[in-house]
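> One structure coming up, written as structure tokens, with questions to follow.
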Amino acid sequence: MAAKAFGGRCPEDAGFGTKCLYAGQEPDPTSGARTCPITMSTGFVFKDSDDAAAKFALSAFGPIYTRITNPTAEAVEKKIAALEGGSAALAVSCGHAAQLLCFSNIMQDGDHFISTNKLYGGSVTQFSRQFKQFGWSVTFCDHDDFEGIEKAITPKSKAVYCESIANPGGLVVDLERLAEIAHRHGLPLIVDNTTATPYLTRPFEHGADILVHSATKALGGHGNAMGGFIVEKGDFDWGASGKFPIISEPCDSYHGMRMYETFGKDGPVSEMLGTAGKTGISFVITARVLGLRDMGMCISPFNAFLISMGMETLPLRMQRHCDNALAVAKFLEQHEKVSWVRYAGLGGPNFALHQKYCPKGAGALFTFGLKGGYEAGK
Numbered sequence: 029m030a031a032k033a034f035g036g037r038c039p040e041d042a043g044f045g046t047k048c049l050y051a052g053q054e055p056d057p058t059s060g061a062r063t064c065p066i067t068m069s070t071g072f073v074f075k076d077s078d079d080a081a082a083k084f085a086l087s088a089f090g091p092i093y094t095r096i097t098n099p100t101a102e103a104v105e106k107k108i109a110a111l112e113g114g115s116a117a118l119a120v121s122c123g124h125a126a127q128l129l130c131f132s133n134i135m136q137d138g139d140h141f142i143s144t145n146k147l148y149g150g151s152v153t154q155f156s157r158q159f160k161q162f163g164w165s166v167t168f169c170d171h172d173d174f175e176g177i178e179k180a181i182t183p184k185s186k187a188v189y190c191e192s193i194a195n196p197g198g199l200v201v202d203l204e205r206l207a208e209i210a211h212r213h214g215l216p217l218i219v220d221n222t223t224a225t226p227y228l229t230r231p232f233e234h235g236a237d238i239l240v241h242s243a244t245k246a247l248g249g250h251g252n253a254m255g256g257f258i259v260e261k262g263d264f265d266w267g268a269s270g271k272f273p274i275i276s277e278p279c280d281s282y283h284g285m286r287m288y289e290t291f292g293k294d295g296p297v298s299e300m301l302g303t304a305g306k307t308g309i310s311f312v313i314t315a316r317v318l319g320l321r322d323m324g325m326c327i328s329p330f331n332a333f334l335i336s337m338g339m340e341t342l343p344l345r346m347q348r349h350c351d352n353a354l355a356v357a358k359f360l361e362q363h364e365k366v367s368w369v370r371y372a373g374l375g376g377p378n379f380a381l382h383q384k385y386c387p388k389g390a391g392a393l394f395t396f397g398l399k400g401g402y403e404a405g406k
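Quick note, this note's numbering runs 28 ahead of the 1-based positions in the sequence shown.
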């Protein structure tokens with residue numbers, strides 16, 4: 029008689045808060061421990077030579093080496109995928125690593141992408157300086173200049189990029205308008221959902237195809253662990269246009285395997301996963317077994333554990349962030365030394381987008397100016 033399995037798994041109909049606690053992990057089969065163990069092992073053994081060969085050839089799933097996958101990292105990957113409503117996710121060392129790895133899936137020398145210009149400053153410098161070393165170029169456009177964004181698309185363009193809630197200005201971006209433009213030209217919409225987190229908005233529900241996160245910030249929540257995520261929705265056709273050969277064309281590293289053909293929504297793996305014709309995992313698999321394998325920006329298992337623990341309180345913390353930000357913004361709006369406050373939660377031109385995309389709150393970021401300007405602020 030088979031031993032009875034431990035309970036404590038995430039219910040199929042779990043709400044957001046329950047997923048923050050349970051999604052992505054299984055109770056330890058020996059001890060029944062609910063908390064995901066920290067697997068501090070660099071390498072993993074195999075059952076036999078056939079098992080090793082199958083895993084190295086991508087015909088079977090399972091850990092080989094922690095640079096590529098690790099059980100603790102896998103648990104937090106499944107958690108963020110569940111929270112975002114994605115098909116798969118990949119955990120890496122930080123948010124910048126997630127962006128670099130994400131674009132390495134689709135960009136080659138001479139390629140181009142379009143980004144809104146309301147971004148975290150580190151992203152601006154990564155895109156405009158570091159990416160230039162790889163021969164990748166970017167055109168920055170105002171977040172609401174939809175005509176300009178469409179005009180900036182060229183035959184070498186590979187993606188449209190934005191932040192759902194822009195850092196540091198707190199602007200809420202019209203994701204559906206950007207998705208319409210990107211998809212009209214056969215391009216994916218890549219969204220940085222760091223500031224909003226899936227608690228405030230889930231960009232896949234508004235047309236996004238790929239998400240990136242700095243897990244260092246709101247997801248982890250405690251300032252004690254660096255990390256980043258790539259999350260895939262799973263239904264973008266990477267083979268239709270011929271624009272994405274890294275994903276769609278034969279890969280010499282894996283004996284001519286075509287990643288999209290094998291792991292895409294119409295491939296054999298989607299049948300195995302029960303999502304045939306709906307979603308696949310080809311973008312995340314390509315990032316894992318090519319870019320992550322070769323560039324090595326893997327997450328520490330200990331950091332994956334800390335971030336997963338932080339995510340357990342995500343809904344509580346994010347709501348308090350939003351409530352506090354709104355209270356402080358209202359206070360500053362009435363302050364005699366403050367000339368202006370920009371926060372979508374206060375009203376104004378960005379309020380309608382806030383109500384559409386993130387009605388539970390406008391995030392924790394806002395900007396304000398002092399009467400007397402820079403000198404007054406010293």
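Backbone N, C-alpha and C fix where the C-beta goes; we use that ideal spot for every residue, glycine too.
Since we're looking at a predicted model, the values are computed, not measured.
Using the C-alpha atoms, what's the distance from Gly-123 back to Glu-364?
Mapped onto the sequence shown, residue 364 falls at position 336. Mapped onto the sequence shown, residue 123 falls at position 95. The alpha-carbon atoms of Glu-364 and Gly-123 are separated by roughly 38 Å.
> Of the residues Ala-31, Cys-48, Lys-32, which one's Cα is nearest the Cα of Pro-39?
Residue 39 sits at position 11 when you count from the first residue of the sequence shown. Of Ala-31, Cys-48, Lys-32, the residue nearest in Cα terms is Cys-48.
> Exposed or buried, which one is Val-120 when buried takes at least 16 other CB atoms within 10 Å?
Residue mapping note: residue 120 aligns to position 92 of the sequence shown, counting from 1. Buried: at least 16 other Cβ atoms inside 10 Å.
> Mark His-283 as exposed unless 16 or more other C-beta atoms lie within 10 angstroms of its C-beta, in which case mark it buried.
As a position in the sequence shown, residue 283 is number 255, starting the count at 1. Label assigned to His-283: exposed.
> Three-state secondary structure (DSSP) at Ile-275?
In the sequence shown, the residue the question calls residue 275 occupies position 247. Three-state DSSP puts Ile-275 in a helix.
> Using the rule of at least 16 other Cβ atoms within 10 Å of the residue's Cβ for burial, across every protein chain shown, is Met-339 buried or exposed?
Residue numbering aside, residue 339 sits at position 311 when the sequence shown is read from its first letter. The residue is buried, with at least 16 neighbouring Cβ atoms inside 10 Å.
> The alpha helix (DSSP H) that contains Cys-350, what's its start and end?
Within the sequence shown, numbered from 1, the residue matching residue 350 stands at position 322. Where Cys-350 is concerned, the enclosing alpha helix (DSSP H) stretches over 342–361.
> Any idea if Gln-158 is buried or exposed, counting beta-carbon neighbours within 10 angstroms, 16 or more meaning buried?
Counted from its first residue, the sequence shown places residue 158 at position 130. Result: exposed.
> Strictly by DSSP, which residues pair up with Leu-239?
Within the sequence shown, numbered from 1, the residue matching residue 239 stands at position 211. Note: Leu-239 sits in a beta bridge opposite Val-219, Val-259.
> Going by DSSP in three states, Lys-186 sits in which element: helix, strand or coil?
Residue mapping note: residue 186 aligns to position 158 of the sequence shown, counting from 1. It is a strand residue.
> May I ask you to list the residues that DSSP assigns as paired with Phe-168?
If you number the sequence shown from 1, residue 168 lands on position 140. In the DSSP output, where bridge partners are listed per residue, Phe-168 has Ser-143.
> Give me the residue from Gly-35, Pro-65, Phe-272, Val-240 with the minimum Cα distance to Glu-260.
Along the sequence shown, one-based indexing puts residue 260 at 232. It is Val-240 whose Cα lies nearest to the Cα of Glu-260.
> Cα separation between Gly-45 and Asn-133?
Residue 45 sits at position 17 when you count from the first residue of the sequence shown. Residue 133 sits at position 105 when you count from the first residue of the sequence shown. Cα to Cα, the separation comes out at about 32 Å.
> Three-state secondary structure (DSSP) at Gly-71?
Here residue 71 refers to the residue found at position 43 of the sequence shown. It is a strand residue.
> Out of Glu-102, Met-68, Gly-90, point me to the one whose CA is closest to Glu-54's CA.
Translated into positions along the sequence shown, residue 54 becomes position 26. Of the candidates Glu-102, Met-68, Gly-90, the one whose C-alpha sits nearest the C-alpha of Glu-54 is Glu-102.
> Are there 16 or more other CB atoms within 10 angstroms of the CB of Trp-368, so buried, or fewer, so exposed?
Here residue 368 refers to the residue found at position 340 of the sequence shown. By the neighbour-count rule (16 or more Cβ atoms within 10 Å), Trp-368 is not buried but exposed.
> Going by the DSSP bridge assignment, what does Ala-117 pair with across the sheet?
Here residue 117 corresponds to residue number 89 of the sequence shown, with the count starting at 1. Ala-117 pairs with Val-259.
> Indicate the three-state DSSP secondary structure (helix, strand or coil) for Thr-46 in the structure shown.
If you number the sequence shown from 1, residue 46 lands on position 18. In the structure shown, Thr-46 sits in a helix (DSSP, three-state: H, G or I).
> One question on the structure: do Ser-185 and Ile-142 come within less than 8 Å of each other, judged by their Cβ atoms?
Taking the sequence shown and counting its residues from 1, one reaches residue 185 at position 157. Taking the sequence shown and counting its residues from 1, one reaches residue 142 at position 114. Yes, the pair counts as a contact, with Cβ atoms nearer than the cut-off.
> Here's a check: name, in chain order, each residue in its chain whose Cβ is nearer than 7 Å to the Cβ of Arg-230, leaving out the five neighbours to either side.
The residue labelled residue 230 in the question sits at position 202 within the sequence shown. The answer, listed in chain order, is Glu-112, Gly-113.
> For Glu-16 and Phe-311, what's the separation of their Cα atoms in angstroms?
Since the first residue shown for the chain is 29 and the last is 406, residue 16 is missing from the structure and cannot be characterised.
> Does the beta-carbon of Gly-255 have 16 or more other beta-carbons within 10 angstroms, so that it is buried, or is it exposed?
The sequence position of residue 255 within the sequence shown is 227, counting from 1. It is buried - the Cβ of Gly-255 has at least 16 other Cβ atoms within 10 Å.
> Could you tell me if Glu-105 is buried or exposed, where buried requires 16 or more neighbouring beta carbons within 10 angstroms of its beta carbon?
By one-based count along the sequence shown, residue 105 stands at place 77. Glu-105 is buried by the Cβ-count criterion.
> Taking the alpha-carbon positions, what's the Asp-350 to Glu-299 distance?
By one-based count along the sequence shown, residue 350 stands at place 322. By one-based count along the sequence shown, residue 299 stands at place 271. It is worth fixing the name first, because residue 350 is Cys in this sequence and not Asp. Between Cys-350 and Glu-299, the C-alpha separation is close to 41 Å.
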